[in-house]
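Numbering (this note's numbering), first residue to last: 1320 to 1785.
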């Protein structure tokens, strides 16, 4: 920042708004965590995929023709055409249930290498059906190619046998249902008068024709059932020895492990950021608050990096007559306040350093004792005796005697700081590095913004003895 200009005024944000730079700072603070854990978990997932037991999949292709499972609902003499229901054929889902039925799994359990519970054996059987076909690709997974081939052959054969039995039973039940329907229609036909009936019996003749039509349809269905062969299915490609192991999806294992590592790293980073920590640098402060950091000061060299000069320039630019430096702890702000008072006095303004304490005696200290090289700067120590009234009187008296008043003494979290912030034109927070907790500093700054005047910036002070 140029030495002749102060820091920019902080932008007032919506309380619910989160600046985008906070995410970048968050990623930068935990960059090692975000790099190490995804790489470690990704490598672990890839290693697990590489060291997993080998497995082979053999496939058998079976053609399963569409077969009606019931004869449908035929029209009766008094039924409407909307009541009819066409025969419902078997679906691919029906065939898949037959492949995974208990009878097929029991046959598969007799093959060497397929010991286990029925649930585990069902998980080793996969079924895929290409689009617009009735061909089932049944895959069976096993530790060796021979076992996979034998298992696929048994599953295909058992499925066709079971399908033949079930479809044979369905066909027989359909034929019996049609035969019963034929008998009922023949009995109804006998109750109608002959076709040579009088003209007054046209209604009965029409009903007789409807029954004859239904009887013809039933007999046609019976002829179709008796004349058609039972299509139980056919194996169009037999099981063979697989030439390579099953795809272990190493890419999926790598990405899954990396995603798990990244998720864990994000959780750890969030927990670490929520944990209170001591203020050590600017990153520790910007994590909790958005006010700008002016710089650092030291007890023996308060303006080591030009921090107090930048603050002096801000005071002059704002034409502030009363500046509050609130310390956390209280003594952390005194070196910066002394240096700021000296710089303001050197700038040509009569300055008073007002130090407020809970104990001590009232009195003025002339420049010759506090700042030998500065003539127009006075230090005054005031004992707080009557709360807000004594604070107000001390500030008003100091402003009447000097052009610029630098106030320090109360701790950031105290009520006196909130009271003084309402009297002063500019408020700056001074936090001691290594001893102050970031949550406490952020809480004090938030209270200032809500109840008094928002702080304009933050100074990090080195503790005494370092």
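Note that CB positions come from ideal geometry on N, CA and C, so glycine has one too.
(request) Compute the distance between the beta-carbons of residue 1383 and residue 1552, then report whether it is under 8 Å. (result) In the chain shown, the residue the question calls residue 1383 occupies position 64. In the chain shown, the residue the question calls residue 1552 occupies position 233. A contact, by the Cβ cut-off of 8 Å.
(request) Mind listing, in chain order, the continuous beta strand (DSSP E) runs of no fewer than 3 residues lying wholly within the region 1723-1752? (result) 1723-1730 and 1745-1751
(message) I'd like to know if the region 1704-1718 and the region 1648-1664 are in contact, where contact means that at least 3 CB-CB pairs between them fall below 8 Å.
(response) no
(request) Check the DSSP bridge columns for residue 1696 and list the partner residues they point to. (result) For the purposes of this step, residue 1696 is taken as residue 377 along the chain shown, with counting starting at 1. In the DSSP output, where bridge partners are listed per residue, residue 1696 has 1670.
(message) Quick check: what's the CA-CA separation for residue 1427 versus residue 1479?
(response) On the chain shown, residue 1427 is found 108 positions in, with the first residue counted as 1. On the chain shown, residue 1479 is found 160 positions in, with the first residue counted as 1. Those two C-alpha atoms are separated by around 14 Å.
(message) If distances are taken between C-alpha atoms only, which option among 1421, 1781 and 1359 comes closest to residue 1615?
(response) Here residue 1615 is taken as the residue at index 296 of the chain shown, counted from 1. Out of 1421, 1781 and 1359, 1781 has the C-alpha closest to the C-alpha of residue 1615.
(message) By DSSP's criteria, residue 1664 is part of a beta bridge. Which residues make up the other side?
(response) Here residue 1664 refers to the residue found at position 345 of the chain shown. BP columns for residue 1664 are empty, so no partner.
(message) Relative to the C-alpha of residue 1631, which candidate in 1746, 1430, 1573 and 1510 has its C-alpha closest?
(response) Within the chain shown, numbered from 1, the residue matching residue 1631 stands at position 312. Of 1746, 1430, 1573 and 1510, the residue nearest in Cα terms is 1746.
(request) Indicate whether residue 1558 and residue 1432 have their beta-carbon atoms separated by less than 8 Å. (result) As a working mapping, residue 1558 is identified with position 239 in the chain shown. As a working mapping, residue 1432 is identified with position 113 in the chain shown. The answer is no: Cβ separation not under 8 Å.
(message) Going by C-alpha to C-alpha distance, which of 1718, 1380, 1587 and 1561 sits closest to residue 1463?
(response) Within the chain shown, the letter at position 144 stands for residue 1463. Measuring from the Cα of residue 1463, the nearest candidate turns out to be 1561.
(message) Just to confirm my understanding: we take residue 1531, look at its own chain, exclude 5 residues before and 5 after, and list those with CB closer than 7 Å. What are they?
(response) In the chain shown, the residue the question calls residue 1531 occupies position 212. Contacts found: 1508.
(request) In angstroms with no decimal places, state the Cα-to-Cα distance between residue 1676 and residue 1735. (result) Stepping through the chain shown from its first residue, residue 1676 is reached at position 357. Stepping through the chain shown from its first residue, residue 1735 is reached at position 416. Those two C-alpha atoms are separated by around 10 Å.
(request) On a CA-only basis, which of 1590, 1411, 1500 and 1570 is nearest residue 1352? Give me that one, please. (result) Looking up residue 1352 in the chain shown gives position 33. When only C-alpha atoms are compared, the closest one is 1590.
(message) Under 8 Å, with one C-beta from each stretch per pair, do the region 1743-1758 and the region 1633-1648 reach the 3-pair mark?
(response) yes
(request) Taking only runs that begin and end inside the region 1431-1471, name each unbroken alpha helix (DSSP H) of 4 or more residues, in chain order. (result) 1437-1442
(request) Consider the C-beta atom of residue 1733 and the heavy atoms of the ligand SAM; say whether any pair is separated by less than 7 Å. (result) Ligands are entirely absent from the displayed structure, and the ligand SAM is therefore not among its contents.
(request) Can you tell me which of 1494, 1650 and 1586 puts its alpha carbon nearest to the alpha carbon of residue 1541? (result) Sequence index remark: in the chain shown, residue 1541 carries index 222 (1-based). Residue 1494 is the option with its Cα nearest to residue 1541.
(message) Taking 7 Å as the limit between beta carbons, can you name the residues of its chain near residue 1467, skipping five residues before and five after?
(response) Here the question's residue 1467 lines up with position 148 in the chain shown. For residue 1467, where only same-chain residues beyond five positions count, the Cβ hits under 7 Å are 1375, 1376, 1377, 1459, 1460, 1461 and 1561.
(message) For residue 1364, which residues in the same chain have their Cβ closer than 7 Å to its Cβ, ignoring the five residues on either side in sequence?
(response) Taking the chain shown and counting its residues from 1, one reaches residue 1364 at position 45. Hits under 7 Å: 1572, 1573, 1575 and 1576.
(request) Check the C-beta distance from residue 1673 over to residue 1634 and give it rounded, since I have them as a contact under 8 Å. (result) Indexing the chain shown from 1 puts residue 1673 at position 354. Indexing the chain shown from 1 puts residue 1634 at position 315. Incorrect: roughly 15 Å between the Cβ atoms, too far for contact.
(message) Using DSSP's beta-bridge definition, name the partner residues of residue 1756.
(response) Here residue 1756 refers to the residue found at position 437 of the chain shown. The partner list for residue 1756 (beta bridge, DSSP) reads 1597.
(message) Classify residue 1370: buried if its beta carbon has 16 or more other beta carbons within 10 angstroms, exposed otherwise.
(response) The count along the chain shown starts at 1 and reaches residue 1370 at position 51. That one is exposed.
(request) For the beta strand (DSSP E) containing residue 1709, list its first residue and its last residue. (result) What you label residue 1709 is simply residue 390 of the chain shown in a count that begins at 1. Segment 1707-1720 is the alpha helix (DSSP H) holding residue 1709; no beta strand (DSSP E) there.
(message) If contacts are defined as beta-carbon pairs under 8 Å, then residue 1717 and residue 1699 qualify, I think. What distance do you get, rounded to the angstrom?
(response) Numbered from its first residue, the chain shown carries residue 1717 at position 398. Numbered from its first residue, the chain shown carries residue 1699 at position 380. Contact holds; Cβ gap of about 7 Å.
(request) Check the DSSP bridge columns for residue 1641 and list the partner residues they point to. (result) Working through the chain shown from its first residue, we reach residue 1641 at position 322. In the DSSP output, where bridge partners are listed per residue, residue 1641 has 1724.
(request) Find the nearest neighbour of residue 1756 within the set 1617, 1695, 1598 and 1732, judged by alpha-carbon distance. (result) Taking the first residue of the chain shown as 1, we reach residue 1756 at position 437. Closest by alpha carbon: 1598.
(request) Find out if the Cβ-Cβ distance for the pair residue 1655, residue 1627 is shorter than 8 Å. (result) Indexing the chain shown from 1 puts residue 1655 at position 336. Indexing the chain shown from 1 puts residue 1627 at position 308. Cβ atoms of residue 1655 and residue 1627: closer than 8 Å.
(request) Find the nearest neighbour of residue 1739 within the set 1762, 1714, 1343 and 1722, judged by alpha-carbon distance. (result) For the purposes of this step, residue 1739 is taken as residue 420 along the chain shown, with counting starting at 1. Checking every option, the nearest Cα to that of residue 1739 belongs to 1714.
(request) Enumerate in chain order the residues of its own chain whose CB-to-CB distance from residue 1349 is below 6 Å, with the five nearest sequence positions on each side excluded. (result) As a working note, residue 1349 is residue 30 in the chain shown. Result list for residue 1349: 1588, in chain order.
(request) Please name the residue in 1500, 1498, 1526 and 1499 whose C-alpha comes closest to that of residue 1510. (result) By one-based count along the chain shown, residue 1510 stands at place 191. Checked all of 1500, 1498, 1526 and 1499; the closest Cα to residue 1510 is 1526.
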